[in-house]
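Encoded as structure tokens, the structure appears first; notes follow it.
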Ligand SMILES: Cc1cc2nc3c(=O)[nH]c(=O)nc-3n(C[C@H](O)[C@H](O)[C@H](O)COP(=O)(O)OP(=O)(O)OC[C@H]3O[C@@H](n4cnc5c(N)ncnc54)[C@H](O)[C@@H]3O)c2cc1C
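Residue numbers (the working numbering): 613 to 948.
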């Protein structure tokens, strides 16, 4: 395993932002990961864990050591699947569905690695990772302790977990409980409509196909069009406040959640007339208002200005502070 100095991360994040890592390495085994973590300890370097870079915004250069997890391997023990952290998530979904195991089909085509999936408890179309989760293995970077976390210890919540709050753990393996018996979740009307239109019976494969089709229509493919998916979180308001907003915007798109109402950030941004709005090479997608696209060579300053305009317009018109969904690096960096 080689540790390199002053490495560009432009091709290692799906927004293609150009920032450099002071130190950088890719690890393919747990032993190499331990070696890299020890190097960081000895040189007093902060470690940043990296997967496929599909949920990060590189706002500036990163001090310390960036470790890209590329540890491969999937094993299956009856209906339990153990997948290494460096595996591609969608490839895992395809292989489990292809082997007749149900459970991950609704999570098809989510970009990124298996190791990053628990960090924000990835979810889509009525299913979250935590619904299928048994345990994970992780390494505590400051002490090199190796630990297995049971589900209850992971503090899973909506797009959240212990590992989002505490980045001292690097996840090396995830174990999931799948099923040979169909327990498909078809609550999302688009899935049912797709199956009907294409005369498909309900199966893991047909649902994964429907989900992939719906996603590809709505979201740009980050391997061809640089983006990080939803750039802003859907704001959650107390019911009373949401009602006041709904009075001013009768068509407001909102959903019941515990503690109030979740508003569609995409709808809000669309209402501000910001679809297609651009600053330099960054543009709000005209397909989906939550997605910001780098048309190539976009700079951090252009992105920050675009984000400022979107946030300011929504705040000024609706009084809501939109929060950014992907993790911003370096830690503690505030977009001006
Ligand atoms: C087009 C598009 C659509 C998306 N759709 C969805 C969706 O439907 N649902 C959803 O939930 N998300 C979605 N996302 C977000 C993204 O796919 C997930 O967050 C994914 O899990 C990120 O994986 P990654 O390997 O790219 O992580 P990275 O972007 O590399 O890292 C994300 C965070 O996880 C940490 N991390 C990475 N690997 C590890 C590890 N092994 N151990 C500990 N911490 C680690 C990083 O330090 C960072 O804080 C979408 C993104 C895109 C671009």
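For every residue, glycine included, the Cβ atom is placed at its ideal position computed from N, Cα and C. No experiment lies behind these values; they were computed from the predicted model shown.
> Between 846, 869 and 945, which lies nearest to residue 934 when the distance is taken from Cα to Cα?
Replying inline: The sequence position of residue 934 within the chain shown is 322, counting from 1. For the residues 846, 869 and 945, the minimum Cα distance to residue 934 belongs to 846.
>> For the segment 726 to 740 against the segment 662 to 673, do three or more pairs of beta-carbon atoms, one drawn from each stretch, fall closer than 8 Å, so that the two count as touching?
In response: Judged by Cβ distances under 8 Å, the segment 726 to 740 makes contact with the segment 662 to 673, as three or more pairs qualify.
> When burial is assigned at 16 or more other CB atoms within 10 Å of the CB, is residue 946 buried or exposed?
Replying inline: Counting from 1 along the chain shown, the entry for residue 946 is found at position 334. Classification of residue 946: exposed, given that the 10 Å Cβ count is below 16.
> Beta-carbon separation of residue 720 and residue 824 under 7 Å?
Replying inline: Taking the chain shown and counting its residues from 1, one reaches residue 720 at position 108. Taking the chain shown and counting its residues from 1, one reaches residue 824 at position 212. Yes, Cβ-Cβ distance for residue 720 and residue 824 is below 7 Å.
> With respect to 6 Å, is the separation between the Cβ of residue 939 and the closest non-hydrogen atom of ligand 1 below this value?
Replying inline: Your numbering for residue 939 matches position 327 in the chain shown. True, at least one ligand heavy atom lies under 6 Å from that Cβ.
> For residue 804, which residues of its own chain have a beta-carbon under 6 Å away from its beta-carbon, when the five flanking residues on both sides are left out?
Replying inline: Numbered from its first residue, the chain shown carries residue 804 at position 192. Only 798 meet the Cβ criterion.
>> Using the three-state DSSP reduction, which class does residue 737 fall into: helix, strand or coil?
In response: The residue labelled residue 737 in the question sits at position 125 within the chain shown. In the structure shown, residue 737 sits in coil (DSSP, three-state: anything other than H, G, I, E or B).
> Which class does residue 725 belong to by DSSP, given the choice of helix, strand or coil?
Replying inline: Along the chain shown, one-based indexing puts residue 725 at 113. Annotated three-state conformation of residue 725 is strand, per DSSP.
> Going along the chain, which residues of its own chain have a beta-carbon closer than 8 Å to the beta-carbon of residue 948, five neighbours each way excluded?
Replying inline: The count along the chain shown starts at 1 and reaches residue 948 at position 336. Same-chain partners within the cutoff: 916 and 920.
>> Within a Cβ cutoff of 8 Å, which residues of the same chain sit near residue 932, ignoring the five residues on either side of it in sequence?
In response: Residue 932 sits at position 320 when you count from the first residue of the chain shown. Once the five neighbours on either side are set aside, the close Cβ partners of residue 932 are 847, 849, 857, 875, 880 and 926.
> Do you know how far the Cα of residue 687 is from the Cα of residue 661?
Replying inline: For the purposes of this step, residue 661 is taken as residue 49 along the chain shown, with counting starting at 1. For the purposes of this step, residue 687 is taken as residue 75 along the chain shown, with counting starting at 1. Cα to Cα, residue 661 sits roughly 24 Å from residue 687.
> Assuming residue 906 and residue 890 make a contact with CB atoms under 8 Å, what is their CB distance in whole Å?
Replying inline: The residue labelled residue 906 in the question sits at position 294 within the chain shown. The residue labelled residue 890 in the question sits at position 278 within the chain shown. Not quite, the Cβ-Cβ distance comes to about 11 Å (not below 8 Å), so this is no contact.
> How many whole angstroms separate the CB atoms of residue 709 and residue 817, which I take to be in contact at a CB cut-off of 8 Å?
Replying inline: Translated into positions along the chain shown, residue 709 becomes position 97. Translated into positions along the chain shown, residue 817 becomes position 205. That pair is a contact at about 5 Å.
> Among 652, 766 and 864, which residue has its Cα nearest to the Cα of residue 677?
Replying inline: Residue numbering aside, residue 677 sits at position 65 when the chain shown is read from its first letter. Among 652, 766 and 864, the Cα nearest to that of residue 677 is on 652.
> Is the beta carbon of residue 626 within less than 6 Å of some heavy atom of ligand 1?
Replying inline: Numbered from its first residue, the chain shown carries residue 626 at position 14. Indeed, a heavy atom of ligand 1 lies less than 6 Å from the Cβ.
> Taking 6 Å as the cut-off, does the CB of residue 672 come closer than this to any heavy atom belonging to ligand 1?
Replying inline: By 1-based counting over the chain shown, the position of residue 672 is 60. No, Cβ of residue 672 sits at least 6 Å from all heavy atoms of ligand 1.
>> Let me make sure I understand the geometry here. Which of 694, 724, 625 and 698 has the alpha-carbon closest to that of residue 639?
In response: If you number the chain shown from 1, residue 639 lands on position 27. For residue 639, the nearest C-alpha among the options comes from 698.
> What three-state label does DSSP hand residue 660 in the structure shown?
Replying inline: The residue given as residue 660 occupies position 48 in the chain shown. In this structure, residue 660 counts as strand in the three-state DSSP scheme.
>> I want to check one thing, is the minimum distance from the CB of residue 840 to the heavy atoms of ligand 1 below 6 Å?
In response: Within the chain shown, residue 840 is the residue found at index 228, counting from 1. Indeed, a heavy atom of ligand 1 lies less than 6 Å from the Cβ.
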